[in-house]
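Its first residue numbered 71, the sequence shown is counted upward by one per residue in my numbering.
Think of the CB as a built atom: it goes at the ideal place given N, C-alpha and C, for glycine as much as any other residue.
Every value quoted in this text rests on a predicted model; they were computed, and no experiment measured them.
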Amino acid sequence: MLDYKTLKRLRMGGTQDAAALMSMGLGMFATHPFFGDIPPTAASLAAMGMGMTGGGYMVNRIGGALKGRGFFKSDLNIRSSEPPYAPQPGETPQGLLLGYCVDSGKPVFIPYEDLMRHIFCGGQSGVGKTVLGTFLMFQHILNGGGLTFIDGKLDKKTLQEIYQMLVWAGRAHDLLVINPGDAANSNTYAPILYGDPDEVADRCVSLIPSTSNSPGADHFKQSAKQGVTTLVAALKRAGLAYNFIDIVILLMNQKALAYLENRVPPSEEKTNLSLFLDQYRTVNKDGVSIIDVKRLKETFGGIGGRLFMFGTGSFGKVMNTYCPEANLFDAIRGNKIVYVMLPTMGKPETASNFGKMVLGDLRTAISWIQGLPDEDKPDPPHLIFMDELGSYATDALSRPFEQSRSAKIILCPTVQTLANLDAVSEEFREMVLGNTWTKISFKVGTQATAVELADIIGMELRVQDSISMTGGQGQSLKASDGASDAGTTETSNISVGERTMEEYRISPDDLKSLDKGEAVVTYGGNKVYHIRVPKLDFTLKAKREIGKVRLNHFRPRMVPGIDLFKRADKYLSTAGKRGEDD
């Protein structure tokens, strides 16, 4: 049945539709009874031919809508642009396949050169974002590329699928898993061990909520950054490795601080540490100089408590190490496959903070990659797929969207709504959307998000043509001599008009009507593709032969560390006892 909804999706208008309707009008005019007694002429035959041609075109237009026109079945009638890149038969693709055009079946490959301008992916839960990510990662693995997958859903099934892909490609030895929610099934990882003191401090203070509107809170945040920077610089100067518990103890215990001060050789770092500690020195009742632990806790209690979460429980088993198995800089250079699992459901706050730590570590790694010669940068580019980014993003991530192309990095964040980006900041949202060359929109669940994504896809000018036909017939009588002779007159007129209208290239209703696995892709701001994303799966036989995930563990090197965590109970138990400290 040709209902209004179908007609609306036809989007009648434009030169071809107008020409077809005009041809139909000419054909109808040529069949008028007035021409019944006139022998056929070339003009009348041409008019009838044009009418048949126009009618055939319109039947095809409407018939295609009725039967679900296109290579794949879809309720929408969206014409895709010509794909930007087509690999030659037999060559290794220098890009990744997003899916196949619904209307033509053509593959939509995006070349690596443009993938390094980054991808944005939006859509509600369960409509295909992770399926797309898995499909992209499988191709990238086959191409020999490395990737980092930050999974905000902690889905063990996804880990199994990644392992199956790696075994299939002969790359199981490249897998690294960072799963602080399950230490028994994780490699070790220390996100604050690498980087200069300022970089490490920035990662730590990223755990503190924004203080831009609170001068008092901002003072404590800057003090925390100063403290962490000073301590990390002193530890590095002393040649001592450290972990989260070590930093927590140093921020809140005078005995540990005195121990570190004695270990640092004479240097600028030692001087800075002494000057930092002088702010908290006081004299007790016996005239002995001590550090006021109460003031230390008032200043560093907030950051200390957040860091403490990473040094205890299952998180501590993964991250209390001086020689981690997973190093993001080395992983990017070595084309490794790093799967980061965030326990966002069971431990939402800790998982969110840990995700921020990982992003900070990635930012440092990307900056180091930028400084390498081109021949040492990852080839193919390193893919970073950030699922459910809104639950752990920070403003600090905006800079890599601007600069990581030079490091041969592909950033691909996914969100359910644009409000997930606004929750970080409006500036962050603009930075992400403004620095992603390819945008992929799956089915959305809210009108607001649908309108925003339709605005991002953009508007276009459409020409709406109109044709009007008028005609008439009249008779006249000759009055002279009482004659009854009559004359017949025929009049006809065809007028064509047009007006320009601005409409959505893809309407909000279209975005809400997408099926699972169906998406609209905008590329470079001027090309649009309506695609179906393939779902990757292995046969039951292949799954049985591959088996369960087996992690790659490495024998740790002996690295000298400050080792405060081995005596953590002693330090933490005395930190709160004022009398003993005095």
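Given residue i as reference, the closest of the options once Cα atoms are compared
i: residue 205; options: 235, 193 and 380; result: 235
i: residue 636; options: 399, 626 and 392; result: 392
i: residue 478; options: 151, 154, 172 and 165; result: 165
i: residue 505; options: 263, 381 and 473; result: 473
i: residue 421; options: 454, 277 and 471; result: 277
i: residue 386; options: 528, 258 and 348; result: 258
i: residue 464; options: 490, 298, 184 and 436; result: 490
i: residue 193; options: 608, 611, 521 and 609; result: 521
i: residue 161; options: 212, 345 and 607; result: 212
i: residue 31; options: 254, 170, 452 and 460; result: Since the displayed the chain opens at 71 and closes at 652, residue 31 lies outside it and no answer follows.
i: residue 450; options: 467, 429, 480 and 443; result: 480
i: residue 596; options: 527, 609, 185 and 383; result: 527
i: residue 181; options: 508, 367, 328 and 149; result: 508
i: residue 379; options: 148, 470, 314 and 289; result: 314
i: residue 288; options: 346, 347 and 372; result: 372
i: residue 591; options: 350, 317, 172 and 186; result: 172
i: residue 409; options: 608, 403 and 220; result: 220
i: residue 455; options: 499, 407 and 487; result: 407
i: residue 189; options: 523, 503, 577 and 607; result: 503
i: residue 191; options: 175, 174 and 168; result: 168
Beta bridge counterpart(s) of residue i as assigned by DSSP
i: residue 195; result: Residue 195 is not bridged to any residue.
i: residue 588; result: 602
i: residue 509; result: 190 and 592
i: residue 409; result: 219 and 247
i: residue 351; result: 361
i: residue 396; result: 259
i: residue 597; result: 593
Reduced DSSP secondary structure (H/G/I, E/B, other) of residue i
i: residue 136; result: With a pLDDT of only 48 at residue 136, under the threshold of 50, the placement of this residue in the model should not be trusted; the figure read from the coordinates follows. DSSP places residue 136 in helix when its eight states are reduced to three.
i: residue 624; result: coil
i: residue 141; result: coil
i: residue 378; result: helix
i: residue 171; result: strand
i: residue 402; result: helix
i: residue 632; result: coil
i: residue 499; result: helix
i: residue 221; result: strand
i: residue 614; result: helix
i: residue 25; result: Lying outside 71 to 652, the shown extent of the chain, residue 25 is not represented and no answer is given.
i: residue 364; result: helix
i: residue 166; result: strand
i: residue 504; result: helix
i: residue 331; result: helix
i: residue 455; result: strand
i: residue 72; result: Legend: pLDDT at residue 72 = 44, less than 50; position of this residue unreliable, value from coordinates given subsequently. DSSP places residue 72 in coil when its eight states are reduced to three.
i: residue 483; result: strand
i: residue 493; result: coil
i: residue 466; result: helix
i: residue 435; result: helix
i: residue 519; result: helix
i: residue 146; result: coil
i: residue 619; result: coil
i: residue 386; result: helix
i: residue 342; result: helix
i: residue 152; result: coil
i: residue 336; result: coil
i: residue 214; result: coil
i: residue 201; result: helix
i: residue 442; result: coil
i: residue 525; result: helix
i: residue 656; result: The requested residue 656 does not occur in the structure, where the chain is confined to residues 71 to 652.
i: residue 580; result: helix
i: residue 229; result: helix
i: residue 418; result: helix
i: residue 514; result: coil
i: residue 429; result: helix
Closer than 7 Å: residue i CB and nearest the ligand PLP heavy atom
i: residue 167; result: For the ligand PLP, the structure offers nothing, since it holds no ligand at all.
Check: Do the region 619 to 634 and the region 199 to 213 make contact, defined as three or more Cβ pairs closer than 8 Å?
Finding: no
Next item on the list: Pair every Cβ in the region 347 to 363 with every Cβ in the region 323 to 330, then say whether three or more of these pairs are closer than 8 Å.
Entry: yes
Next item on the list: Can you check the region 240 to 323 for any alpha helix (DSSP H) of at least 4 residues that lies completely inside it and give the ranges in chain order?
Entry: 267 to 275, 285 to 307 and 314 to 322
Item checked: the region 305 to 314 / the region 334 to 350 touching (three or more Cβ pairs under 8 Å) -> yes
Check: Would you call the region 509 to 524 and the region 582 to 591 touching, i.e. three or more CB-CB distances under 8 Å?
Finding: yes
Notebook entry, point to check: Looking at C-beta atoms only, is the number of pairs between the region 436 to 444 and the region 228 to 245 that lie closer than 8 Å three or more?
Noted result: no
Check: Within the chosen definition, does the region 611 to 625 reach the region 294 to 301 through at least 3 CB pairs nearer than 8 Å?
Finding: Look at the beta carbons and you see the region 611 to 625 not touching the region 294 to 301: under three pairs across the two are nearer than 8 Å.
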